[in-house]
Amino acid sequence: MKTLITGMTAPQASKKYAERSVSFAGLLSSALSTKLHSSEICAPSFGMTRDALEDYDLVFVGLSPLTSVAANHAYAALWVINEMRDSPKLRLFLDAPDPGKIAHSIHAMQESPAAMFKPFYSARPFYAQARTPETAAKIHGAVNYLNSYTWAETLYPILPWGNQGKVASALPPHAVNSLRAVNLDSLIFDRVHDVETFSSSDGSRFWVVDDVKSRWAASVQATMKTNVVPMKEHKGWADRDVLAQMSQGVGALIAPSKPTGSWWTPRVAQSIGVGVPVVTDWRESAILGDPWMDLAVTVDEMNQARRDSLAAQQKDSYLSSITPKGKALEYLLDTLLLSSK
Numbered sequence: 026m027k028t029l030i031t032g033m034t035a036p037q038a039s040k041k042y043a044e045r046s047v048s049f050a051g052l053l054s055s056a057l058s059t060k061l062h063s064s065e066i067c068a069p070s071f072g073m074t075r076d077a078l079e080d081y082d083l084v085f086v087g088l089s090p091l092t093s094v095a096a097n098h099a100y101a102a103l104w105v106i107n108e109m110r111d112s113p114k115l116r117l118f119l120d121a122p123d124p125g126k127i128a129h130s131i132h133a134m135q136e137s138p139a140a141m142f143k144p145f146y147s148a149r150p151f152y153a154q155a156r157t158p159e160t161a162a163k164i165h166g167a168v169n170y171l172n173s174y175t176w177a178e179t180l181y182p183i184l185p186w187g188n189q190g191k192v193a194s195a196l197p198p199h200a201v202n203s204l205r206a207v208n209l210d211s212l213i214f215d216r217v218h219d220v221e222t223f224s225s226s227d228g229s230r231f232w233v234v235d236d237v238k239s240r241w242a243a244s245v246q247a248t249m250k251t252n253v254v255p256m257k258e259h260k261g262w263a264d265r266d267v268l269a270q271m272s273q274g275v276g277a278l279i280a281p282s283k284p285t286g287s288w289w290t291p292r293v294a295q296s297i298g299v300g301v302p303v304v305t306d307w308r309e310s311a312i313l314g315d316p317w318m319d320l321a322v323t324v325d326e327m328n329q330a331r332r333d334s335l336a337a338q339q340k341d342s343y344l345s346s347i348t349p350k351g352k353a354l355e356y357l358l359d360t361l362l363l364s365s366k
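Listed below in structure tokens is the structure:
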């Protein structure tokens, strides 16, 4: 079986990105490859005609708000969707919080097609070609499909405490029955074991935070005396750098995302995978039990042995709440109607 994974953003369509950092597209590709399916991640292009795409058994296209600065590959990704819109091989996927922005941008572009090609987007690949009448018509054909027709089966990652109902309500009504929530975090724990980390000690007096701009993180930090640093200091850091930083921390602050509730992030599995306890919105994570209900100030006051124990308990309860690796892969393939043999 041959599968193609592409999309509108770098995390969705870059093999290099997937090699450096955990992404949903990368996990999806790894899962398919593990079950002996050939999986290719690459950027979309207007050269991906229907005939060329039919060489694949499945074609995954990642969605992002069309107006997002990160959606550099939006034009070509929409082209691919339009080429495959009536093919049973098409699959869509979401990988970022607030999918309501996707629905809003699709509707806005349907209402005002010219806005898709404003000079503001001139740095996007294939901008000039996208504006030609024939190509623009196909791009708007995909916008119309997403805005008005039943979507192809659409995958998205979810935390054990994720709210599927809120995700569904944020998208167009005709997309709801196509949504499939999956958790492939068991693959993340395998990757964590292959990266060098550093044991923290009572001398390590900093927390790591995934989103330094989060109001939630700022409010939590105000309750503690311990310094807070970013998990990822700058864009050049790969996951090995993030994990090294993480492993030396007192704990990890994982900011909940709104309005759909906490969106999936690999940082939860990575943190507990390197033995660092996670603090997030306990009102959501409490579904996993007592180890997920501590406040940051409580964890901050623990000694290192107690924090190590807490991280171990969190890992145990987390692994118990997600589908084991083998069954997760089988579920994924069953969902995609693929044979695992």
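In my numbering, the protein residues as written are 26 to 366. For glycine and all other residues, C-beta sits at the position ideal for the given N, C-alpha and C.
Between the beta-carbon of residue i and the beta-carbon of residue j, is there less than 8 Å?
i, j, result
"Ile127", "Ser89", "yes"
"Ile312", "Val303", "no"
"Leu91", "Ile131", "yes"
"Gly276", "Ala321", "yes"
"Ala50", "Asp120", "yes"
"Gly32", "His98", "yes"
"Gly187", "Ser287", "yes"
"Gly314", "Ala336", "no"
"Tyr81", "Lys60", "no"
"Tyr181", "Phe85", "no"
"Ala155", "Ile164", "yes"
"His62", "Leu363", "yes"
"Pro291", "Glu309", "no"
"Thr34", "Gly72", "no"
"Leu278", "Val245", "yes"
"Trp317", "Gln295", "no"
"Pro284", "Gly125", "yes"
"Thr175", "His199", "yes"
"Thr28", "Ser64", "yes"
"Ser346", "Pro138", "no"
"Trp289", "Ile183", "yes"
"Leu357", "Arg116", "no"
Nearest by alpha-carbon distance to residue i: which of the options is it?
i, options, result
"Lys257", "Lys41, Pro144, Thr305, Arg45", "Arg45"
"Tyr152", "Asp333, Leu180, Ala121, Trp104", "Trp104"
"Gly351", "Leu57, Leu180, Val86, Thr248", "Leu57"
"Gly274", "Arg230, Thr360, Pro316, Gln154", "Arg230"
"Tyr100", "Lys114, Lys143, Asp80", "Lys143"
"Lys250", "Arg240, Lys238, Trp232", "Trp232"
"Ala195", "Asp123, Trp288, Tyr42", "Asp123"
"His259", "Pro158, Gly300, Leu278, Asp235", "Asp235"
"Val2", "Arg149, Glu355, Asn188, Pro158", "Residue 2 lies beyond the stretch modelled for the chain, which goes from 26 to 366, so this question has no answer here."
"Ile66", "Asp333, Glu79, Ser48, Lys60", "Ser48"
"Arg332", "Ser272, Glu355, Leu363, Leu361", "Ser272"
"Leu78", "Ala102, Leu361, Glu159, Thr59", "Ala102"
"Asn252", "Pro36, Asp325, Ser346, Leu363", "Asp325"
"Ala140", "Val293, Met26, Ala161", "Ala161"
"Arg75", "Tyr146, Leu52, Ile106, Pro158", "Ile106"
"Gln270", "Ser54, Val217, Asp306", "Val217"
"Ser239", "Pro349, Ser346, Ile213, Thr305", "Thr305"
"Val293", "Leu212, Leu357, Glu355, Asp359", "Leu212"
"Ser147", "Val201, Ser346, Asp359, Ala96", "Ala96"
"Asp215", "Ser39, Leu52, Gln37, Tyr42", "Leu52"
Go to residue i, then tell me how far its alpha helix (DSSP H) extends in each direction, as first and last residue.
i, result
"Arg308", "307-310"
"Lys350", "350-360"
"Val192", "189-194"
"Trp104", "99-109"
"Gly125", "125-136"
"Trp241", "240-246"
"Gly298", "291-298"
"Gly166", "158-173"
"Leu91", "Counting along the chain, Leu91 falls outside any alpha helix (DSSP H), and DSSP gives it neither H nor E."
"Tyr42", "40-45"
"Asp325", "321-325"
"Leu78", "75-78"
"Ala263", "Run containing Ala263: none; DSSP gives neither H nor E here."
Let's see if you can read the secondary structure: which residues bound the beta strand (DSSP E) around residue i?
i, result
"Tyr181", "179-182"
"Pro255", "252-255"
"Leu57", "Segment 49-59 is the alpha helix (DSSP H) holding Leu57; no beta strand (DSSP E) there."
"Val275", "From DSSP, Val275 is part of no beta strand (DSSP E); its letter is neither H nor E."
"Ile30", "27-32"
"Leu63", "Sequence check: residue 63 is Ser here, not Leu. Where Ser63 is concerned, the enclosing beta strand (DSSP E) stretches over 63-66."
"Ala206", "204-207"
"Gly314", "Run containing Gly314: none; DSSP gives neither H nor E here."
"Val234", "231-234"
"Arg216", "Arg216 -> not in any beta strand (DSSP E); alpha helix (DSSP H) instead, spanning 211-217."
"Leu83", "83-88"
"Arg331", "Arg331 -> not in any beta strand (DSSP E); alpha helix (DSSP H) instead, spanning 329-346."
"Arg116", "115-119"
### Query
When the Cβ atoms of the stretch 205-213 are set against those of the stretch 259-272, are three or more pairs found closer than 8 Å?
Contact fails: fewer than three Cβ-Cβ distances are below 8 Å.
### Task
Taking 8 Å as the threshold, find out whether the stretch 106-120 comes into contact with the stretch 169-181 through three or more Cβ pairs.
Cβ pair count under 8 Å is three or more, so yes.
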